[in-house]
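See structure below.
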Amino acid sequence: MHFFEEKRKEVMSHIEPHMLEKMFEYLKPIDTIWQPSDFLPDASRSTFFSEIKELQESAKGLSYDLIAVLIGDTITEEALPTYESWLTMVEGVSDNEEGGWMKWTRHWTAEENRHGDLLNKYLYLSGRVNMRMMEVSTQYLIADGFDIGTGRDPYRNFIYTSFQELATNVSHRRVASQAKKDGDTLLSKMCGVIAGDEARHAKAYKYFIEKIFEVDPNEAMLAFEDMMRKKIVMPAHFLREVGLKIGQTFGHFTDAAERLGIYTALDYVDILKELIEDWHIESATGLEENGEKARDYIMNLPARLLRVAERMKNPMLEYKFSWING
26 MHFFEEKRKE
36 VMSHIEPHML
46 EKMFEYLKPI
56 DTIWQPSDFL
66 PDASRSTFFS
76 EIKELQESAK
86 GLSYDLIAVL
96 IGDTITEEAL
106 PTYESWLTMV
116 EGVSDNEEGG
126 WMKWTRHWTA
136 EENRHGDLLN
146 KYLYLSGRVN
156 MRMMEVSTQY
166 LIADGFDIGT
176 GRDPYRNFIY
186 TSFQELATNV
196 SHRRVASQAK
206 KDGDTLLSKM
216 CGVIAGDEAR
226 HAKAYKYFIE
236 KIFEVDPNEA
246 MLAFEDMMRK
256 KIVMPAHFLR
266 EVGLKIGQTF
276 GHFTDAAERL
286 GIYTALDYVD
296 ILKELIEDWH
306 IESATGLEEN
316 GEKARDYIMN
326 LPARLLRVAE
336 RMKNPMLEYK
346 FSWING
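Shown next as structure tokens:
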């Protein structure tokens, strides 16, 4: 085990300069990137209360399921302290506090931090949400942490983040589209810019794994297979409400997303296909026998998952969230 840890650290050191070169292709300058206040009513203006009234009128048109998904997405974004502390524990990241990996982790966290700030304030102003119930769920999610099956392995962690950033891009993009249909152009713009951030971050994590495949293809392939056998769990899989056990709310949140077509089993398959293509899995070289078997498993997986997804029934609306007023 010690040998593999040292090899991982060696690979992380090798790709760190490449990552530093590319870092600001995937992150935007702090002084010029959007901030939550660019979208929200300004309390210093005389129009503040009329802007809030307009915001609340638009929010009235949002469906119950869309509000539920938006709250779940917001709580997920607000659990950022968990994600940052998890990334700093990845093998090879915190070996050098001033190194490129820690620089990336801090800058990535700083960009992501704006998402929860923006959505939380919107939901507070919308009047549609029982904020205390939502805040309790957020505190629970941070306190409960998560177990995503990656350990401290950078390969598994960056495969996870590649998948996860693509999934959050899909979710925010679809919420933006649905909000526009429901007549809330402000929310649509908000979720659109968040989706744009997630797309850039996904490119970064995919690039990290691409570089790992170049120098350690067999271990990278085994890590990819392992993560897909375990299935990629969402970071909010421990989501719960007051009085419920860990994870009890998560299924209801994903049901709402499935009903609206915000994020579905088919999207999971599409993301897997994208990663297979972007990482050139089919044509990867330098594999040992176990790596070849892992590749076979990965290449056959989309068709298997597609058959399962096509048999799934759309869940019915039955559950009432404590987060939503009325």
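Note that this note's numbering gives residue 111 to position 86 of the sequence shown, counting from 1, and the numbers run on in steps of one.
Glycine included, every Cβ here is placed at the ideal spot set by N, Cα and C.
With a contact defined as Cβ atoms closer than 8 Å, glutamate 79 and asparagine 145 miss out at about 19 Å. No residue range can be given for methionine 337, since it is assigned to no alpha helix (DSSP H) and is classified by DSSP as neither H nor E. Within the DSSP bridge table, the entry for isoleucine 349 names Val154 as partners. Here glycine 286 is not near arginine 198, since their CB atoms are 8 Å or more apart.
The segment 40-54 makes contact with the segment 124-131; the number of CB pairs closer than 8 Å reaches 3 or more.
In the DSSP assignment, arginine 225 falls within the alpha helix (DSSP H) that extends over 210-240. With a 10 Å radius around the Cβ and a threshold of 16 neighbouring Cβ atoms, glutamine 164 comes out exposed.
Taking the C-beta atoms as reference points, glutamate 137 is found nearer than 8 Å to leucine 105.
Cβ contact annotation for isoleucine 323 (same chain, cutoff 7 Å, sequence separation greater than five): Phe249, Glu250, Met253, Ile301 and Ile306, in chain order. DSSP places isoleucine 173 outside any alpha helix (DSSP H), giving it a letter other than H or E. In its chain, beyond the 5 residues on either side, Ala309, Leu312, Gly316, Ala319 and Arg320 have a beta carbon closer than 7 Å to the beta carbon of methionine 246. In the displayed model, lysine 256 falls within coil according to three-state DSSP, outside both helix and strand.
Beyond the five residues adjoining it in sequence on each side, proline 61 comes within less than 8 Å, by CB distance, of Arg139, Asp142, Leu143 and Lys146 in the same chain, given in chain order. When C-alpha distances from serine 83 are compared across Arg153, Ile257 and Lys53, the shortest belongs to Arg153. Contact between serine 151 and tryptophan 348 is ruled out by a C-beta separation of about 12 Å, above the 8 Å threshold. Going by beta carbons, glutamate 190 and histidine 226 fall inside the 8 Å limit.
DSSP, read as helix, strand or coil, puts tyrosine 344 in coil. In the structure shown, tyrosine 180 falls within a helical segment according to DSSP collapsed to helix, strand and coil. Comparing C-alpha distances from leucine 52 to each of Gly208, Tyr89, Ala229 and Leu342 shows the shortest one belongs to Ala229. In the pairwise beta carbon analysis, the segment 192-212 is classified as touching the segment 82-102: at least three pairs are separated by under 8 Å. The residues Phe73, in chain order, have a CB closer than 7 Å to that of aspartate 67 in the same chain once the five nearest residues on each side in sequence are set aside. Residue state for glycine 276 is assigned as helix, using DSSP reduced to three classes. Between the beta-carbon of glutamate 223 and that of asparagine 182 there is about 17 Å, and that puts the pair past the 8 Å contact cut.
By the criterion of a C-beta distance shorter than 7 Å, glutamate 30 is surrounded in its chain by Glu116, once the five residues flanking it on both sides are discounted. Here the alpha carbons of valine 258 and threonine 186 stand approximately 11 Å from one another.
With fewer than 16 other CB atoms across the displayed protein chains lying within 10 angstroms of its CB, serine 71 is exposed.
Excluding sequence positions up to five before and after aspartate 241, its CB lies within less than 6 Å of the CB of Val36, all in the same chain and listed in chain order.
DSSP, read as helix, strand or coil, puts tyrosine 89 in helix. The C-alpha of asparagine 339 is placed about 12 Å away from the C-alpha of leucine 291.
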